[in-house]
Every structure is written in C-alpha cells, then in structure tokens.
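Residue numbers (this note's numbering), protein chains in the order written: chain A, 36 to 281; chain B, 3 to 641; chain C, 75 to 298. Ideal placement from N, C-alpha and C gives every residue a C-beta, glycine not left out. These figures come from a predicted structure and were not determined experimentally. See below for the structure under consideration.
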Amino acid sequence: MNITLKIWRQKNRDDKGKFVTYKLGDVSAEMTFLEMLDYLNEKLIREGADPVAFDSDCREGICGMCGLYINGRPNGPRKGVTTCQLSMSAFKDGDTITVEPWRAKAFPVIKDLVVDRTSFDKIIQAGGYISVNTGAAPEANAIPVKKENAERAFDAGICIGCGSCVAACTNASAMLFVSAKVSQLALLPQGRVEAKERVRAMVQAMDELGFGNCSNTGACEVECPKEISLSHIARLNREYFTAGIT
Amino acid sequence: MIKLDAKIPEGPLSEKWTKHQSSVKLVSPANKKKLDIIVVGGGAAGASAAASLAESGYNVKVYVFQDSSRRAHSIASQGGINATKNYKNDADSDYRLFYDMIKGGDFRSREANVYRIAEISNKIIDQFVAQGVPFAREYGGHLANRSFGGVQVSRTFYAQGQTGQQCTLAAYQALMRQVKAGKAKIFARRDMLDLVVIDGRARGIITRNLITGEIERHSAHAVVFATGGYGTIYYLSTLAINSNGSAAMAAFRKGALMANPSMAQIHPTCIPVLNEYQSKLTLMSESLRNDGRVWVPKQKGDKRPANEIKEEERDYYLERKYPAFGNLVPRDVASRAAKERCDEGYGVGETGLSVYLDFRDAIENQGKDAIKSKYGTLFDLCEKVTGINPYKEPMRIYPASHYTMGGLWVDYNLMTTIPGLYAIGEANFSDHGANRLGASSLMQCAGDGYFILPVTIGDYLADQIRIPKIPADTPEFDEAEKAVKDKLNKLMSIKGTQSPTSFHKRLGHILWTYSGMKRNEKGLKKALEEIKELQEEFWRDVRVAGELYELNHELEKANRIADFFELAQLIVLDALNRKESCGAHFREEYQTEEGEPKRDDKNYSYVAAWEYTGDILKSVLHKEELIFEYVTPVKRSYK
Amino acid sequence: MSNIFTSSVGKKFIMSLAGLFLIIFLVLHLSINITLILFKTPETFNKAATFMGNNPVIKIMEVVLFGGILLHMIYGAVLQIQNLLARPVRYKKSNYSQTSFFSKYMLHTAIIITIFLVIHLLDFWIKNKFLGEVHDITYADGKTYHDLGALVIERFQIGWVVIVYVVLLLGLGFHLHHSFQSAFQTLGLNHKTYTPVIKALGVIYSIVVAGGFISIPVVIYFLK
C-alpha cells in the first residue's frame, strides 16, 4: 500500500521542530509500524537524507522503550499494543498517518520522536520499591500472600513504563504509572510496611516533576498497552488518604 | 602467555562456596566508601549487582544504552526462574538442579560454578519475594511451581509469562533505591565503547553519550560487565534489537579471553519468520511445552489447516523420538528436531519453516480457564503477532537465535583474565556449558548479581583500599578515547552506499546458514571467507547517516556491527575447532546414525578460551580442562 | 496532613468532597423547585424557600455552600492551570482516544456553569435577598412569605430567558454526568461490582437533575 506520513522532525532539544511529509510506497500490511519506519529510514539513507530518530529495543512489547503518538492516539488505533506491536494492517492504502512524539513537560523531546522519560525513574526513586537489602529476606513461603492479591499485584506490576498513559492523558498526568507501582506494592504484605511513606513520596515526586493532575477521563486505561486498570488509581487515592489521616 | 586458573576452592563440592565465602578477603564498610565500581548494563544481573554493591557501601556507577535500566532485555524473559525449594515434594535438591544443569549443558560447564548457582537458587527466590515480585501463588497463599524443559521436577517459579519482567523490575527498583540514597548513579543513554586498562588492571571505560554524541571517560577501582548476550549477531533473534557484543569485544581486545563463543542457543519455540522486513523474532516461552504438544503432518507438504488434520495423521515427533521427556526435551534437542522435520519437507505454514504447538488436548483435559491462567499473556501475544488464536488452533513455531552460553571467560570469582574486570550474567560463559536449561538464565543473572559478585569482588578490592580515586586523565585514557574517536570518525567518513542494517542482515544470514543449528567444516570455512569479504565491503561501503555529535542510531548500529564482524569470525573459529557435537554445537561430521550428537570427551572436555593477538583469525586458543569429580559425563539421552 | 491541601491528589480530594456536597445540594434545590410545576400555586415553594431563608442551620449551610462552590472552583482552576502547564507543546492531532465524551469537556462545562451561576444569582438570589424586588404574600396559615415563586414564573414567561436556562442547564448535566462517578474514583472508591453501579447512578442522577431543572422553565413557559 501507499501511505503518507506526517512526522515530527526536531534536530535536538532546543530546536523548534516541524512536521515533514513523506510519501512511502510498497508498504506491506505484514510490517509492524516500526518496521515501516525502518523501511522509511532505509529509503531516506539511500537518498542521502537524515533518518527519523525513534526509540525501540525489545520489539516485543515488554521493554517500554518505544512509543509514538499515531493519528491522535498513543500506539495508534489498536487496543492493548505497544507501537512495536502495531501492525500496518491497521491502516489502509492511501492513509495519511500523523506521527508525533509523546508530549509532556516531564517528557522533553530529545530528537524527532525520541523523548526523555527519566522522570519515571525519578518517581520510582522516590519510593517505588521495598526497602530490603540483599540477604535480609526471610524464607519465601514464610509470609503467605493471598492468591487474589498476588494476581492483582501482578496486574499492576506488568506496567512497562512506556509513558502511553501520560501521552494519552489530556492533562499529561502520570497517575496510572504511579498508581500501578503503588498498588502492586500495597497489595503485598511485604510492601505494606512502607505503604504510607511510599505513596506520599511518589505522589510528591510526580507533582514536582511537572506532570498534570488526574481528572478521571480514563484515556490512560484505554491507551495503556498493558491495559492496566483505573482501579489502581482509586487504590492510590485510597492509600494516599489513609496515609494522610492516620 | 596467559595461564588459565579458575581458582576453584578446595573441598567437597557442596562446601566449596561456603568455605570460599569465609575465606575471601573482606573490605570494611569504611573502606568500601572509598572504592568506586563501574557496572556496565542494568538488567537482571547488572541492576542486582549494582544495588547489592551499593547497599554494602561501594560507590557504584551504572551505564546503560537505553533511557532507563528497566529496559534491559532481561525484562523479556518469560517462563520463570528455578530454585530447589522442593515445595512440590518431588525430591528436588541442590544436587538435582546441579545435575540437570550439568547434563543439560552437555558436560561442558564447570562443576563448582554450577553447583554454586544451584545452592543459592533458594536465596534468590527469597530475595525476589521480599522485593515484591508477584510470583504465582496457590490458593493457600504459598508459591506455585511449574516444570520446564529438560527436567523432571517442578521447580520453576513464575509470574505468568512475565517472570523476567517482574524480577528485572525488582532489581531495578532496588537500584533506584540506591540512586536515591546517593550510593549509585545511573548514566543512561551511554554506549560503552572501550575498556581502559592501566598497569594491567581494569580502571575505567570510555562511553559515548548517545544524546550529545560526546565521548566521555569514567574511572573506577573495578569494572563489572553485565552486558548480556550477543545472539543478535544472527540478525533475527529473540533479543532486543540493540543487544550487542561490543562490550565483550572491547574486553577481548584488551586481553580478556572469550570462552566458547560458538555456543549459541537456538530457542525452539519462537514465532516463525513472517516476512522479509522483519526486524526481530518473538519468543514464545518454553513453558508452553509443558502443556502444548509439538507436531507436524505425517504427510510431506500437507497444506490443510491444522484442525482438519486427523489425530492419526499427525506426527508428534518429540514424543515419538524422546518418549522419556517427550515435549520437554532440552532446547537444543527440540530445535534440531524441528529443523530436521522442516528440512525433510514436513514443515507447515507458507514457508514450510515451522511446526505446530498444539493446546487442543490440554484445553480438553484441564479446561480453558486453567490454560488461560498459565499462558494467557503468551496466547494474547501470539494472537497479536500472528493472528492465530491458540485456544482454537495450534500456534506455529520455529527455532530462533536466543541465548549465548559463550561469553567472557571468568574464574570462580567471576573475574576475567584482566584483573579488576568482572563479567556477570549472560555476559560470562560460566554456568550453562553447551546448552542452557530453561528458567536458569534469570537465576544465574540474579545469583551472580545479588549473591556472588558482591562477595567475590571484595577479594580483589581488599588490595585496592589504598588506591585513591582513579584519575581519568592518564595516557591510557587518552589512548582509549583516541581509539574510539578514530573508529567512529572512520565509520562516519566512509560515506558509502549501504546502510549498517543491510550489512547486519547479510552477516546474520551467513552465520545462520553455516554456524546455526547444524555446522560442518566446509560450511564453516566458507563462512569465514564470506564474513571476511563482507567485513571488507562494510569498511568500504557503509553509509552512516547523521553526525557524530548528536543522537545517531545509525552510528550506534554501525559501530556494533563493526564489532560483530570480528565476533562472528571468532564464533566460526571456535565452531571449527570443536570437532565434536555437544549441546547447541552440532557438527554434522560428528553424529550417530540416528542423527544424535556424538560428544568427544576424550579430546574436547574443555572450555575453549580465545586470546586476541591483534588479528582475529590468529586468536590463540587456551584450554581450561573440565574436571568432573562429582558427576560422570554420560551420553545425554532424553529418549 | 498538609499534603492534602497542596498535592495533586489532595487537591482533587477536596474538590471531589466539595463536588459531592454540591451534588447533594442540587437534589435539595431541585426537590424544592420542582414543586413550582407539581402544584398549581407556588405556595409550597414559597414556604420552603422562606424556611430555607430563615432557618439558622440552613443559613450556616448557605455559607458552607458558597464556600464549597468557591473551593470547588478555585481548586478546579488551579488544577486546570497545572494541567495546561503539564503539556506546553500540544499535539497537532489529539484526543482520539476512545474514552468518555463528557470527561473531556469538564473545563468547558465548568465555565458554562460559572456563567449560569452568575446569571442565576443575579436573577433570583440577589433580587430576593438584597434588592427586595420580591412581593409578600399571606397564606391560609396567616403568615406572610416572600412570593419568590411569582418572580420565577414571571421570569420564565420570557422566551429567551427560558432558552438561556435550558442551554446552560444542559452544561450542568454534562458536568454531572462525569463528575458523579469521578468523585467516587477520586475518593478511592472503586470496586469491581459497585463501580458500574455508581457509574449508572451517575448517569441517572445527571439526567434526573438536569432534566428536572430544565423541565421547570419549560413547563412554566408553556403551561403557566
């Protein structure tokens, strides 16, 4: 198929940037979106032009490195996929596809479609862990964990830190990301000990880093490639208030 | 002349590690504060090591090429992590895990190392659970287990099909905690381009800041490589597309030995190649073989849809050939068997290069819900990539490059032949011999990182406490920086016509054809010639777009591929040298009449460690003889 | 505790509590107003309005109410400003996510409600309370009441006033449609079984309240 791409090009952090239009023929529906971009880049290189910079690593939807804002949605039109898992069969001949980087104050653009997500690391640094030194762990079965809780913790723990939630949110809020970690650790007895301090510190870090506020639109849940539930945001809220009043 | 000394402690196998721990030199907490350690790589091994070292008091600097250490490819490990808890009461023990690994590795690994990892496997699970890994649980709240390829007990701990993700994130979080505490520092988006050796000791690294393109110097008292495997050398692999062998090659050029470089595992259960544009292959966890049955049609070239092929027309070839282990034979065996069937013309799918993995019977026996709870995420993944719904029709699988057992040679302390340079996790060669068993990679990464390195590194650093901060303005740093800059400038200046990726594809094709699942002398020699030619063409005609001092993925790729050419030649050299078939290394000249591998313990019971001499083809072979005191190498049979 | 007033989550908490209070107030308000069209004369309405105007507890609540509205508005504005700052460079093509329609326009409906409030307060509350433009009326119990009902009926004889009210009240309805369930979510009350119920209640509530208020000027215009 033939497609038209409108891609955000920006030389570096300080450059103003602009959209550049590319026509691309012979695109196969079997390609993934990133393979299509690889294909575009091979063409640009042959033509002596500068290839489009975008991040990707595992290309199987687990590392969270890739992530593009495609036609007004993070990771394009399909549900529950990362950008690297998006198949070109989601588009048809003659389509115009607008590709933008994640937009958020906390995710500055580095080049073209590459953004800086170290703010997520900083949120985790604030408290997204259980403070146990190597060697200090008790026998694994010493503390039973309710099966249901372990499963729910897993459902939150599968967050890949890609930033789709921030990208999708009309307020550029990181609540789904933060809540996934808060919720995972709050659901496990091992994590309960520091639950209060954790939720306070992580919310504070999130606020300081310039993310927006949650207004419960649910766009994050819809666009999360791992389909993490809004109920984790509710749990974060709950954890936060009990931490505040007790 | 390097003399290999594995420094294996004296004493009975099961007491070696305990004894060693009580005899290694120690560094006092006050002195640890004065010592800097560089860790390159932030995956399951790198992050766990960095966190543990920082917790104990060292100043740790971590370098990753991604934007965060959470992205490292350990995150993609799916099936699980082994431990000898024996929660299933199936008579498991450290010895059994040790034996399974030694045998699985086809008696080409070091007894003492393997026993140690089995011994500490339980502590790893304890640690992960305490760190909040949501492992699967039974209704009573206790940990659940499943079995895995190559073994007959259920000792694998898992978190659906995302065990690696959960464990890696736990280690990452532990590292983030140390970053907050100020004991560890992360240098993200940095490519390690060279190792700096001063007076024979590893003292620093040269990195390229991938955002600005600046070349930077970093110094420390010791350097740890947790840089993973180089399976991407085959171009298509289950690895992340940026995984590479450059760190290993940098160390190799500076005098570290590369051990068993040709031992590359081809994983049997991957989604087959679908088209020519494909940039990577997706792994389907080996755990699927617990309940899935592998088959091909009994009739050659049968193109009917799988569900229309009747039971009696199906050849469950693994169950037929290996009745004792059936679908749970180790990876090398399963991969070769699939290749054999496809080569004979029984393969399915459009290309004929795939076999079925069928869950029909499992769903019938256990119910859809039970299968869903075990493999739900994997089935979804399969449907996303291929459009095949494994609840309704069998998946199609084919082997793909996955893991490299080979790597930097290390002694019992995980130190390479360069004093002060350590290699942990997949980057070293130590625990998996000629073939790695499932669910043992995370185990080794975490074992090395959490429990082994933090102990053994003290043995070296205890002598370093009087050395003040290592300056980064020495001639050695100047020289290394210059070499890096020269190489990058050269790559930029060629301005040829072909992209780095196009060379990578061709290199991968050569290796896959001649040095993949089956090898022979003629092919390997041909491969050497072709690689050499391609390498020359690369240095003549590669086109690196963009500029040196900016974010430039093309330059990153070109630099990695330049190293792959050398590594590829080393792989082929090693494969040529090993005139036997063992584990993943199958030489067609050395097989039984039934097509099973023929190992040669008399002549090849050694670790092949290669030393760089300035010309890759003239690398010198050193042999570390493998002495088996506690097991007797037997013919590895899964029949 | 101070986090509750300064952090993002805390501010939202206060906003949702104020919002829930307003949600309850609206029910009370509607139940009094609806008597205007349920009964022939505005007697019940006038009696209730007078009671509301004189009862000391309600008088305190009136202050609380205005406080609640102000708090809700101020916090809403602060959060909104932060939200805008969180994305300094906007997308060229955005908001195609398949999510609740009403939730995307909370700011817009909030502005409509603010306009409504100003008009509404000028129209009735100020006239009644401060300008003394409301006549007195004596009912069978011998007591004298402000005939606020007459004023309302008089206002809603004018076509454009009715149209303005209907349009602005629709804005209120849209706002409530999202806010009812949103408040519960912000307070951390999310449950597998109950959340769908709350969401349904929210929809019913917004339709009943907005519909109820809208019916008053419409019915008055056409029937009285």
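Threonine 133 of chain A to phenylalanine 126 of chain A span [Cα, whole Å]: 12 Å
Length at least 3, wholly inside the stretch 461 to 516 of chain B: the beta strand (DSSP E) runs in chain order: none
Whole-angstrom distance between isoleucine 290 of chain C and phenylalanine 16 of chain C, CA atom to CA atom: The requested residue 16 of chain C is not part of the displayed model; chain C covers only 75 to 298.
Where serine 63 of chain A falls: helix, strand or coil (DSSP): coil
Coil, strand or helix - lysine 166 of chain C by DSSP: coil
Proximity test, Cβ basis, 9 Å: valine 136 of chain A and chain B: In the sequence as displayed, the identity of residue 136 of chain A is proline instead of valine. No, no contact with chain B.
Interface residues of chain C facing asparagine 76 of chain A [CB-CB closer than 9 Å]: Near asparagine 76 of chain A there are no residues of chain C at all, since even the closest Cβ is about 22 Å away, more than 9 Å.
Test: alanine 160 of chain C CB closer than 9 Å to a CB of chain A: yes
Buried or exposed (CB count within 10 angstroms, at least 16 for buried), serine 24 of chain B: exposed
Inside the stretch 156 to 236 of chain A only - beta strand (DSSP E) runs reaching at least 3 residues: none
N- and C-terminal bounds of the alpha helix (DSSP H) containing glycine 184 of chain B: Where glycine 184 of chain B is concerned, there is no enclosing alpha helix (DSSP H), given that its DSSP letter is neither H nor E.
Neighbour-count burial assignment, leucine 177 of chain B, 16 or more Cβ in a 10 Å radius: buried
DSSP three-state assignment for histidine 434 of chain B, whether helix, strand or coil: coil
Nearest-angstrom Cα separation, counted from isoleucine 280 of chain A out to methionine 75 of chain C: For methionine 75 of chain C, the predicted structure reports a pLDDT of 48, less than 50, and the residue's modelled location is therefore unreliable. A value from the coordinates is still provided. Going by the C-alpha atoms only, they are around 7 Å apart.
Unbroken beta strand (DSSP E) run spanning serine 411 of chain B, endpoints: Serine is not the amino acid found at residue 411 of chain B; the sequence shown has tryptophan there. First-last for tryptophan 411 of chain B: undefined, no H or E at that position.
Glutamate 539 of chain B versus glutamate 532 of chain B - alpha carbon distance: 10 Å
Arginine 205 of chain B - containing beta strand (DSSP E), residue span: 203 to 211
is_contact[alanine 538 of chain B, chain A] using C-beta, thresh 9 Å: Reading the sequence as shown, one finds glutamate at residue 538 of chain B and not alanine. Not closer than 9 Å to any Cβ of chain A, the Cβ of glutamate 538 of chain B fails to qualify, so no.
Simplified DSSP state of proline 291 of chain C, which is helix, strand or coil: helix
Coarse secondary structure for methionine 75 of chain C, derived from DSSP in three states: For methionine 75 of chain C, the predicted model reports a pLDDT of 48, less than 50, meaning its position is unreliable and no value from the coordinates is stated.
Coil, strand or helix - proline 270 of chain B by DSSP: strand
Neighbouring residues, chain A, relative to aspartate 128 of chain B (Cβ below 8 Å): Ala172, Pro173, Glu174 and Ala175
Start and end residues, beta strand (DSSP E) containing aspartate 565 of chain B: That residue, aspartate 565 of chain B, is in no beta strand (DSSP E); its alpha helix (DSSP H) goes 555 to 579.
Uninterrupted beta strand (DSSP E) stretches inside the stretch 275 to 336 of chain B (no shorter than 3 residues): 295 to 299
Where the beta strand (DSSP E) containing valine 240 of chain C begins and where it ends: Looking at the DSSP string, valine 240 of chain C is not in any beta strand (DSSP E); the run it does join, the alpha helix (DSSP H), is 233 to 260.
Residues that aspartate 85 of chain A contacts on chain B, provided the C-beta gap is smaller than 7 Å: Ala547 and Gly548
Residue-chain proximity (alanine 224 of chain B, chain A), Cβ-Cβ < 9 Å: no
Beta-carbon spacing of valine 296 of chain B, alanine 336 of chain B below 9 Å: yes
Range covered by the alpha helix (DSSP H) that runs through phenylalanine 540 of chain B: 523 to 543
Where phenylalanine 257 of chain A meets chain B, residues with beta-carbon distance less than 8 Å: Note on identity: in this sequence residue 257 of chain A is valine, with phenylalanine being the wrong assignment. Going along chain B, no residue has its Cβ under 8 Å from valine 257 of chain A, so there is no contact; the nearest lies around 17 Å.
Any chain C beta carbon closer than 9 Å to tyrosine 104 of chain A: yes
Residue-chain proximity (serine 249 of chain B, chain A), Cβ-Cβ < 9 Å: Going by the sequence as given, residue 249 of chain B is alanine instead of serine. For alanine 249 of chain B, the answer is no, since every Cβ of chain A falls outside 9 Å of its Cβ.
Cβ of alanine 161 of chain A within 9 Å of any chain C Cβ: no
Residues sharing a beta bridge with glutamate 135 of chain A, DSSP: A/Tyr104
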